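Numbering (the numbering used here), first residue to last: 53 to 402.
Reading through the structure tokens given below for one structure.
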Ligand code: KG4
Ligand code: ZN
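Dropping the structure here:
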């Protein structure tokens, strides 16, 4: 079965083709093309929704053509078309979603509306021999921080989430405060590698509370109060290079400590022995190192997507679409996009 996926929920226009062949251990990603708009939005310090949707419309035909060429396939060979239906920016979602529906209609093939968060959550299993297994999912993206008890495809229980800023959002907001370019996660990560994480002790909110929710909004306040103590101007550009790196290392470690602590607590509570971590923040170098070390000590199997599949991509949408298509679970062409789409099948524990 050959599935074409389209992702356009935020600032990446992406198309991927994934193929499942009976008898093979895992599907093959034949192509995964991403056209990023980051340089454009960086000029404004964040994503401008109208610019994002306009650029998706301009970029999508070329990205689609390139994905088919790289895969060496013709559009008529595609068995199902999948696209992100939400959550995300509504006008951006509409571009990829309408294109996938139109292709499905023209080709007379089924359509699958995919939840972006489910795409992230399943992404560690694209390259995992044996495919999806019951596990604890930690999704850490720019918009969401979620802990999910996953029993199988479509069987999800949401057991923890951020009550305010997502982990990626915290990276981005602190970076903005430090006058670093958008998106802030990679910029902080890079500088943190040269910094001392113990020089500044930033708060780890809710870390020792027994529930599995997060709160990251206090971090930006902590950085805001720290800046004037370091330079009278409070201007981050007046900081010496080492202090900037130490601040980045302190912020990064505070976020990582909370994420790992809560994930370990959730593993104990759910008795899962497999942890899968996904979303843009999961390409953070220190998070990956420290997770690997903690999981090894606790004899937990850690599954991480390759770096290329952590930030927004269409391979994860095509993969989620493939699992749904294999189960015959297709979507009507009437299915609307939903900027606040919740994880399908996820029951939230009060
Ligand atoms: O999953 P994603 O591409 O988009 C959403 O669905 O939100 O995640 C983007 C987020 C941004 O907040 C970005 O700063 C963060 O992922 N990110 C990182 C790193 N690379 C991207 N955060 C920390 N360290 C990184 N290396
Ligand atoms: Zn995402």
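Virtual Cβ for every residue (Gly too), placed ideally from N, Cα, C.
Keep in mind that this is a model prediction, so the values were computed, not measured.
Would you report the Cα separation of residue 140 and residue 61, rounded to the nearest angstrom? 5 Å
Under the three-state DSSP convention, the category residue 402 falls into: For residue 402, the pLDDT reaches just 41, beneath the cut-off of 50, and the residue's location in the model is therefore unreliable, although a value from the coordinates is still provided. Here residue 402 sits in coil by DSSP.
Terminal residues of the continuous alpha helix (DSSP H) containing residue 152? Residue 152 -> alpha helix (DSSP H) spans 142–159.
Counting only the same chain and skipping the five closest in sequence on each side, list residues whose C-beta sits under 7 Å from that of residue 303. So the list reads 226, 240, 254, 271 and 275, once near-sequence residues are dropped.
Measuring only from the beta carbon, is residue 390 closer than 7 Å to any heavy atom that is part of the ligand ZN? No.
In the DSSP assignment, find the unbroken alpha helix (DSSP H) run with residue 90 in it and report its ends. Segment 90–94, the alpha helix (DSSP H) holding residue 90.
Identify the residues that DSSP records as bridge partners of residue 223: which are they? DSSP output for residue 223 lists no bridge partner at all.
Could you tell me how far apart the beta carbons of residue 244 and residue 301 are, in whole angstroms, since I believe they sit closer than 8 Å? 4 Å
Excluding the five sequence neighbours on either side, which residues of its own chain have a C-beta within less than 8 Å of the C-beta of residue 53, listed in chain order? Contacts found: 71, 72, 131, 132, 374, 377 and 378.
Cβ pair residue 326, residue 355 closer than 8 Å: yes
Give me the Cα-Cα distance between residue 402 and residue 212, rounded to the nearest whole angstrom. Caution applies to residue 402, whose pLDDT of 41 falls short of 50 and renders its modelled position unreliable; the value that the coordinates give is listed next. Between residue 402 and residue 212, the C-alpha separation is close to 10 Å.
Report, in whole angstroms, the separation of the C-beta atoms of residue 305 and residue 249, which I expect to be a contact under 8 Å. 4 Å
Considering only the beta carbon of each residue, do residue 205 and residue 172 sit closer than 8 Å? no
Smallest Cα separation from residue 151: which of 256, 111, 87 and 84? 111
Once DSSP output is grouped into helix, strand and coil, what is the label at residue 322? Correct three-state label for residue 322: helix.
Relative to the alpha-carbon of residue 299, which residue among 285, 279 and 371 has its alpha-carbon at the smallest distance? 279
Sequence-distant residues of its chain with Cβ nearer than 8 Å to residue 382 (five each side left out): 132, 162, 163, 164 and 376
Given 7 Å as the limit, tell me if residue 193 has its C-beta closer than that to any heavy atom belonging to the ligand ZN. yes
Would you kindly check if the distance between the Cβ of residue 310 and the Cβ of residue 146 is under 8 Å? In this structure, residue 310 does not lie closer than 8 Å to residue 146 by Cβ.
Return the first residue and the last residue of the alpha helix (DSSP H) that residue 369 is part of. Here the alpha helix (DSSP H) through residue 369 covers 367–378.
Rounded C-alpha distance that separates residue 277 from residue 256: 16 Å
Quick check: does the Cβ of residue 172 come within less than 7 Å of any heavy atom belonging to the ligand ZN? With a threshold of 7 Å, the Cβ atom of residue 172 counts as near the ligand ZN, since some heavy atom of the ligand is closer than that.
For residue 338, three-class secondary structure by DSSP: DSSP places residue 338 in helix when its eight states are reduced to three.
Run the CB neighbour count on residue 344, radius 10 Å, all protein chains shown included, and call it buried at 16 or more, exposed below. exposed
Which word fits residue 407, buried or exposed, when buried means at least 16 other C-beta atoms lie within 10 angstroms of its C-beta? Not covered by the structure: residue 407. The range shown for the chain is 53 to 402.
Near the ligand MG: residue 332 beta-carbon under 7 Å from a heavy atom: The ligand MG is not among the ligands present in this structure, which contains only the ligand KG4 and the ligand ZN.
Does residue 65 come out as helix, strand or coil in the three-state DSSP assignment? strand
Out of 290, 109, 348 and 262, point me to the one whose CA is closest to residue 318's CA. 262
Segment limits, beta strand (DSSP E) that includes residue 353: 353–355
Roughly how many whole angstroms lie between the Cα atoms of residue 223 and residue 74? 42 Å
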